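Written below as structure tokens is the structure these notes are about.
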Amino acid sequence: MAQKTFREALLARLADDKIKLPEVARGSGVSLPQLRKLVARDAATTNVEDAARIAAFFGVTLDQFLGNPELSGPIEIMRLYTSLPPHLRVRMQAYAEGLLEAQEATQEQPATTYE
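If you want it as structure tokens, here you go:
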């Protein structure tokens, strides 16, 4: 099953709930021009903070809004990352790369057998 884009999820929710964009803008704090661009352009995207605000307006989490509960971890990581100032983003990325290297090194080591 193909994964739904945020734009597709928003369009579906607007149609299902019969809600107009000005109402979403007022309730979510996302600007009306930004929402209009998002629904008008096929390849339009938005940042994770605004996406979370829009989902919250509809009373759900972002992963629920997209219909994929497996996204909650990556969405939270992205939210945390974008909340950090640039110098801490660099540190967070370096830490994550270090974790990945350590995991890969552990997987490459042959298993030790004990007699």
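In UniProt numbering, the protein residues as written are 1 to 115. Even for Gly, the Cβ is constructed at its ideal location relative to N, Cα and C. Owing to the predicted nature of the structure, the values given are computational and were not obtained by experimental measurement.
Bounds of the alpha helix (DSSP H) holding residue 36 are 32-40. Judged by DSSP in its simplified three-state form, residue 58 adopts coil rather than helix or strand. A straight-line Cα-Cα distance of about 7 Å links residue 48 and residue 75. DSSP places residue 86 in the uninterrupted alpha helix (DSSP H) bounded by 86-108.
Under the DSSP assignment, residue 9 falls in the alpha helix (DSSP H) whose first and last residues are 6-17. Counting of Cβ neighbours within 10 angstroms places residue 39 among the exposed residues, the total staying below 16. Note on geometry: alpha-carbon atoms of residue 51 and residue 31 lie some 12 Å from one another. Around residue 36, the same chain offers 21 as residues with beta carbons nearer than 8 Å, after the five sequence neighbours per side are excluded.
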